[in-house]
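J.: Let me give you the structure first, and then I'll get to my questions.
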Amino acid sequence: MGIDTNTRQSLLRLQRNEVTESIVYTKLASIEKNPANKNILLRIATDEKRHYNILKKYTETETSPCRCKIAKFYWLARILGITFAIKLMESGEESAKENYTTFEDYPDLQQIAKDEDEHEQKLIKLINEERLEYMGSIVLGLNDALVEFTGALAGFTLALSDSKLIALTGSITGIAAALSMASSEYLSTKSDGDKKHPIKASIYTGIAYIFTVVALVAPFVFISNVIIALIIMLATALLIIALFNYYYSVARSESFRKRFTEMAVLSFSVAALSFLIGYALKEFTGIDA
């Protein structure tokens, strides 16, 4: 078919993307245990391969898939869950849909754009992973640990002034708080009659809390200068907030900026207030640990 060089190059890029995504969806289907979800993924993989063949009709060229992209989404699904990987695929599909709509003189390419939109709608309803069902419990553990524990460690930093003592006190406080939060989540989930299993919900909450405690206490274990340890602890808290909210915003299709800002402002405000309270108590009591 007679197409100009620029159009051909654009179609080749789309063609490579289609064959790549066909393989990605096939691989995701291979690790999906839910038969209904697996079937949808395989149907979408078939559609993507059909799109590839339509594009090949124009380019008259075979294209190889992007192996890096295939590996990326396969391992993202393995490590962070199939929902997270699929949601990232959605963003790529949205871009592809927009690219196809520019080819107004090619009806079959316009149909591909409609197919991509249909894929998006299916994918939104596709997966109900256990880790996402218990996301509320993980959010509870992380939020509470970040807000409460950054504040506690900031207060200990001025009140105690010894990194090892801060680490010891913080660890005891953190473990006790994690057990308390896990118990509260168990009772809350059980009394609410939620679909979630109370024991699993409490485990998710407790693990999220303890993971945060370990990450935030670590600087005080390895660094003797309490101010430097405090700065690194706050940077670690900010990193945890960023990573978790990126995962959550992708998996739940929510605004990353809004969630990140809310959690960061809350955690650091409590930390600053606790730091000042620790300083004030130290000055007024005259106790120098």
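For the sequence shown, counting from 1, position 235 maps to 331 in my numbering; every step adds exactly one.
Ideal placement from N, C-alpha and C gives every residue a C-beta, glycine not left out.
Hey, F169 and Y343 are a contact pair by Cβ (cut 8 Å); roughly how many whole angstroms apart?
T.: The Cβ separation is near 15 Å, so there is no contact.
J.: Using a Cβ-Cβ cutoff of less than 6 Å, which residues in the same chain neighbour L326 once the five nearest sequence positions on both sides are dropped?
T.: T253
J.: Under three-state DSSP, which class holds D100?
T.: coil
J.: Quick one: grab the DSSP three-state call for F252.
T.: If DSSP states are grouped into helix, strand and coil, F252 belongs with the helices.
J.: Roughly how many angstroms separate the alpha carbons of I324 and F340, rounded to a whole number?
T.: Roughly 24 Å between the two C-alpha positions.
J.: Leaving out the 5 sequence neighbours to the left and right, which residues in its chain are closer than 8 Å to I319 when beta-carbon positions are compared?
T.: Taken in chain order, the residues that qualify are S259, A325, I328.
J.: Are the region 342-357 and the region 269-288 touching by the rule of at least three beta carbon pairs closer than 8 Å?
T.: no
J.: Taking 9 Å as the threshold (C-beta atoms), are Q111 and T159 in contact?
T.: Taking C-beta atoms as the reference points, T159 and Q111 count as a pair closer than 9 Å.
J.: Helix, strand or coil for G237? Go by DSSP, reduced to three states.
T.: helix
J.: Please report the Cβ distance between A297 and S233, rounded to the nearest whole angstrom; I am assuming they are in contact, meaning their Cβ atoms lie under 8 Å.
T.: 4 Å
J.: Rounded C-beta distance between A272 and G302? I'm assuming under 8 Å.
T.: The pair is not a contact, with the Cβ atoms about 12 Å apart (cut-off 8 Å).
J.: Which runs of the alpha helix (DSSP H) spanning at least 4 residues fall entirely within the region 280-343, listed in chain order?
T.: 294-318
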